[in-house]
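Under our numbering, the letters of the sequence shown match residues 325 to 390, in that order. Beta carbons: idealized from backbone N, C-alpha and C, even for Gly. Contents: one structure, followed by commentary.
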Amino acid sequence: MMVKVKKLPKETVQGLIQRFSQKVKKSGILLEARKRQFKKRAKSRYLKKISALRRIEKKKEHSFSR
């Protein structure tokens, strides 16, 4: 996804930049880049097991407290 903008005759640099900014916003390039900026790694098997065990323990504690 690439946005191209050519300067029109009698167009100022500010107008060109404004038109470029609008095209970038409409294309969704910035949103995509922000999503990719902080990519989360998938949890390993070990971490999945640990978190599942913690959930089970919390459920047990919660049911005993009632």
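Taking the alpha-carbon positions, what's the residue 355 to residue 347 distance?
If you number the sequence shown from 1, residue 355 lands on position 31. If you number the sequence shown from 1, residue 347 lands on position 23. In a straight line, the C-alpha of residue 355 is about 13 Å away from that of residue 347.
Could you compute how far the alpha carbon of residue 373 sits from the alpha carbon of residue 362?
Within the sequence shown, residue 373 is the residue found at index 49, counting from 1. Within the sequence shown, residue 362 is the residue found at index 38, counting from 1. Taking the straight line from one Cα to the other gives about 24 Å.
So, helix, strand or coil for residue 329, using DSSP?
In the sequence shown, counting from the first residue as 1, residue 329 sits at position 5. In the structure shown, residue 329 sits in coil (DSSP, three-state: anything other than H, G, I, E or B).
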